[in-house]
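Asker: Structure in C-alpha cells, see below.
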Amino acid sequence: MSDSVEDVKALAQAFELFTRSTQTLEESYRLLDVHAKELGQELAAKNRELALINDYLDSILESMSDGVIAIDTRGAITTFNRSAGLILGYDAEGAVGQPFREQFGRDFSAADPVQRVQRAEPTTLRARSGRLVPVVERDAPISDRSNKCIGFVKVFQDLTELEALREQVRQRDRLAAIGEMAATVAHEIRNPLGGIRGFASLLARDIPADDPRARLVDKILAGTKDLDLVVNELLEYTRPVDLRPRPVKCADLIEGAITYVAQDREQIRIVNEVQSDHKVLADPDKMRQVLLNILINSQQSIESEGEIVISAKADATAVTVAIRDTGCGIPPDKLGQVFSPFYTTKEQGTGLGLAVAAKIVEGHGGALTVESELGKGSVFSVRLPRTE
C-alpha cells in the first residue's frame, strides 16, 4: 500500500515537472516567434533599403553621360550602362555575359591592380556597326571586402564630336591661310592681266577679221576673260561677306537663278517645283549667286542627258531649298571636300563655286549640305531662316 502511494506522488511530481517544462517551452517558443518576426521585419526593411540603394545606384549609373562597362576576371561583361549602349550601338541585354574582346575587337586594357586607376588615354572601341569610335577611357580594378580582385570597370567618353570640332578648327585655319594667299595672288595677277587684255584689244582692233592672226588674238582675249573670272572668284572668297538681307520669296530667288543658267544643253531638263510663298531673310543678289553656282555644278555633273529638280519645304524656323540632279554623283570619301576651295573634279573648274556658296549661306546663318550616291546623283540643300 505504501509503495502505491509513493508511486502516485512520484507520478504527480513528474507530471508537475512536465507541466512546468511545457510552459517554459511554450514561453520560449513564443519569445522565439516574436524575435523571429522582429528579425523578419528587420530583414524585410533591410531588403527594401537595399533595393532602394540598388535602384539609386542603377539610376546614377544609367544617368551618367559617360559609358561604363564592367567585366569579371574571365573577361565577360557584367555591367553595361545606357550611355555605353548609345555610344557603341549595343543594348545591355545583348552585351552582358558576352566576352569583351569578342564584342569590341580588343583587350579590355584594365589598369594594374597595384596602380588602382589607369591614366585616361585616347583610343578606340568598335561599335556594333563596325565603326571605330574614338574614346578616352579610364580603367580600374574591382575588389571585394577582402581586397581580392573580382573584375575591372571602364569609364569612357565619346570623342566623336570633339574630333569633328577639332577638324573644323583645322579646316578653318587651312582656309584662312589659303584665303590670305589667294588674295595676294589675285592682286598680283590682276595688274598684268589688265595689261595683257588691253594690248590684246588693241591688236584685235588693228588686225582685220579675215587675218589668220585674229583667231589667235581672240584666244588671248578669251584666256584673259577666264583668268579674270578666276581672280574675281578668288577675291570674292577672301573678302568678308557683305550682306544686305531682307524678306524675299524663295520662288523669286530660284526663278532669278534659273534665268542665268546656260540653256545650250537641251538634254538637261530643269524642273522648278517651288510654288509656295515662303519667305526667307536673305540678300537676294548673294543668294541668287549661291543657287546659280549649285545649278551650274549640277548641270556640269550630268554627262549626257538628265534632270535637275528644285523643291522647297519649311519648318517652324527655316526653309530648305533642295536641288537634286541625276548626275554622276560624288564618291563617299570626297563628300567632305566638296565645299573646300580649289577642290574640283572638272578639267576647267576653279573649285571655288561651291566654296563661295557655302561661305555666303553660312553668313546668312544658314547651312549648305550635300547628299550623294555615286552614279545616281546628288542633292544640295540650302537651309535659310524664315521671316514669318
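Counting from 65, one number per residue, gives the positions in the sequence shown under the working numbering.
Every residue gets a Cβ at the ideal spot worked out from N, C-alpha and C, and that includes glycine.
Span of the alpha helix (DSSP H) holding Asp316?
Answerer: Run containing Asp316: Cys314 to Tyr324, per the alpha helix (DSSP H) assignment.
Asker: Starting from Leu152, trace the alpha helix (DSSP H) in both directions and tell me its first and last residue.
Answerer: Unbroken alpha helix (DSSP H) run through Leu152: Arg146 to Leu152.
Asker: Assuming Ile366 contacts Asp389 (C-beta within less than 8 angstroms), just tell me the rounded distance between them.
Answerer: 6 angstroms between Cβ atoms; contact.
Asker: Is Phe79 helix, strand or coil when you go by DSSP?
Answerer: Helix, per DSSP.
Asker: Three or more C-beta pairs under 8 angstroms: does that hold for the region 131-139 against the region 206-217?
Answerer: Yes, they touch.
Asker: May I ask you to verify whether the region 340-353 touches the region 297-312, counting CB pairs closer than 8 angstroms and requiring at least 3?
Answerer: Yes, they touch.
Asker: What residue range does the alpha helix (DSSP H) around Lys423 cover?
Answerer: Lys423 -> alpha helix (DSSP H) spans Gly417 to Gly427.
Asker: Spell out the partners DSSP gives Glu371 in its beta bridges.
Answerer: Glu371 pairs with Arg333.
Asker: Look at the alpha carbon of Leu223 and the alpha carbon of Arg236, and state the distance between them as a whole number of angstroms.
Answerer: Rounded to whole angstroms, Leu223 to Arg236 spans 20 angstroms at the Cα level.
Asker: What residue range does the beta strand (DSSP E) around Leu196 cover?
Answerer: Note, Leu196: beta strand (DSSP E), Leu196 to Ser207.
Asker: Between which residues of its own chain and Gln105 is the CB-CB distance below 7 angstroms, once the five residues before and five after are set aside?
Answerer: Within the same chain, Gln105 has no close Cβ partners at all.
Asker: Enumerate in chain order the residues of its own chain whose CB-to-CB distance from Glu337 is below 7 angstroms, with the five nearest sequence positions on each side excluded.
Answerer: So the list reads Val373, Ile374 and Ser375, once near-sequence residues are dropped.
Asker: Three or more C-beta pairs closer than 8 angstroms, one from the region 387-401 and one from the region 435-449: is that the case here?
Answerer: Judged by Cβ distances under 8 angstroms, the region 387-401 makes contact with the region 435-449, as three or more pairs qualify.
Asker: When you compare only the Cα positions, how much space is there between Arg112 and Ile141?
Answerer: Those two C-alpha atoms are separated by around 27 angstroms.
Asker: Could you compute how far the alpha carbon of Asp316 sits from the alpha carbon of Val402?
Answerer: Rounded to whole angstroms, Asp316 to Val402 spans 27 angstroms at the Cα level.
Asker: Is Asn357 buried or exposed, if buried means 16 or more other CB atoms sit within 10 Å of its CB?
Answerer: Flag for Asn357 reads buried.
Asker: Quick check on the burial criterion: 16 or more other C-beta atoms within 10 angstroms. Buried or exposed for Met351?
Answerer: Its Cβ being crowded by 16 or more others within 10 Å, Met351 is buried.
Asker: What's the gap between the Cα of Ser362 and the Cα of Ile424?
Answerer: Taking the straight line from one Cα to the other gives about 18 angstroms.
Asker: In whole angstroms, give me the CA-to-CA distance for Arg170 and Gly139.
Answerer: Each residue's alpha carbon lies about 11 angstroms from the other.
Asker: Go ahead and label Glu297 buried or exposed: buried means 16 or more other beta carbons lie within 10 angstroms of its beta carbon, across all protein chains shown.
Answerer: Buried.
Asker: By the 10 Å Cβ neighbour count, where 16 or more other Cβ atoms means buried, how is Val335 classified, buried or exposed?
Answerer: Result: exposed.
Asker: Along the chain, where does the alpha helix (DSSP H) that runs through Val385 open and close?
Answerer: From DSSP, Val385 is part of no alpha helix (DSSP H) but of the beta strand (DSSP E) over Ala382 to Asp389.
Asker: Between the Cα of Ala246 and the Cα atoms of Pro405, His428 and Pro205, which residue gives the shortest distance?
Answerer: Out of Pro405, His428 and Pro205, Pro405 has the C-alpha closest to the C-alpha of Ala246.
Asker: How about Phe164 and Leu152: are their beta carbons less than 9 angstroms apart?
Answerer: Result no, Cβ atoms of Phe164 and Leu152 do not sit closer than 9 angstroms.
Asker: Suppose you measure from the CA of Val383 to the CA of Leu416; what does that come to, to the nearest Å?
Answerer: Those two C-alpha atoms are separated by around 25 angstroms.
Asker: Could you have a look at Ala159 and say whether DSSP puts it in helix, strand or coil?
Answerer: Looking at Ala159 - three-state DSSP - the assignment turns out to be helix.
Asker: Kindly give me the distance between the Cβ atoms of Ile271 and Ala278, rounded to whole angstroms, as I take these residues to be in contact under 8 angstroms.
Answerer: Yes, they are in contact, since the Cβ atoms of Ile271 and Ala278 sit about 5 angstroms apart, within 8 angstroms.
Asker: Can you give me the Cβ contacts of Ala422 inside the same chain, cut-off strictly under 6 angstroms, excluding the 5 residues immediately before and after it?
Answerer: Taken in chain order, the residues that qualify are Phe403 and Leu432.
Asker: Between which two residues does the beta strand (DSSP E) harbouring Phe216 extend?
Answerer: Cys213 to Asp222 is the extent of the beta strand (DSSP E) around Phe216.
Asker: Rank Val200, Tyr324 and Gln77 by C-alpha distance to the C-alpha of Thr187 and give the top, closest one.
Answerer: Answer by Cα proximity: Val200.
Asker: Considering only residues of the same chain and omitting the five flanking positions on each side of Leu399, which have a CB-CB separation below 7 angstroms?
Answerer: Result list for Leu399: Val434 and Ser436, in chain order.
Asker: Taking just the CA atoms, how far does Ser445 sit from Ala314?
Answerer: Before going further, note that residue 314 is Cys rather than Ala in the sequence given. Computed Cα separation, rounded: 13 angstroms.
Asker: Could you spell out where the alpha helix (DSSP H) holding Phe168 opens and where it closes?
Answerer: Element bounds for Phe168: Phe164 to Phe168.
Asker: In the DSSP assignment, the beta strand (DSSP E) including Asp136 goes from what residue to what residue?
Answerer: Run containing Asp136: Gly131 to Asp136, per the beta strand (DSSP E) assignment.
Asker: Suppose contacts are defined by Cβ-Cβ distances below 9 angstroms. Is Gly370 in contact with Ile332 by that definition?
Answerer: Cβ distance < 9 angstroms, so Gly370 and Ile332 count as in contact.
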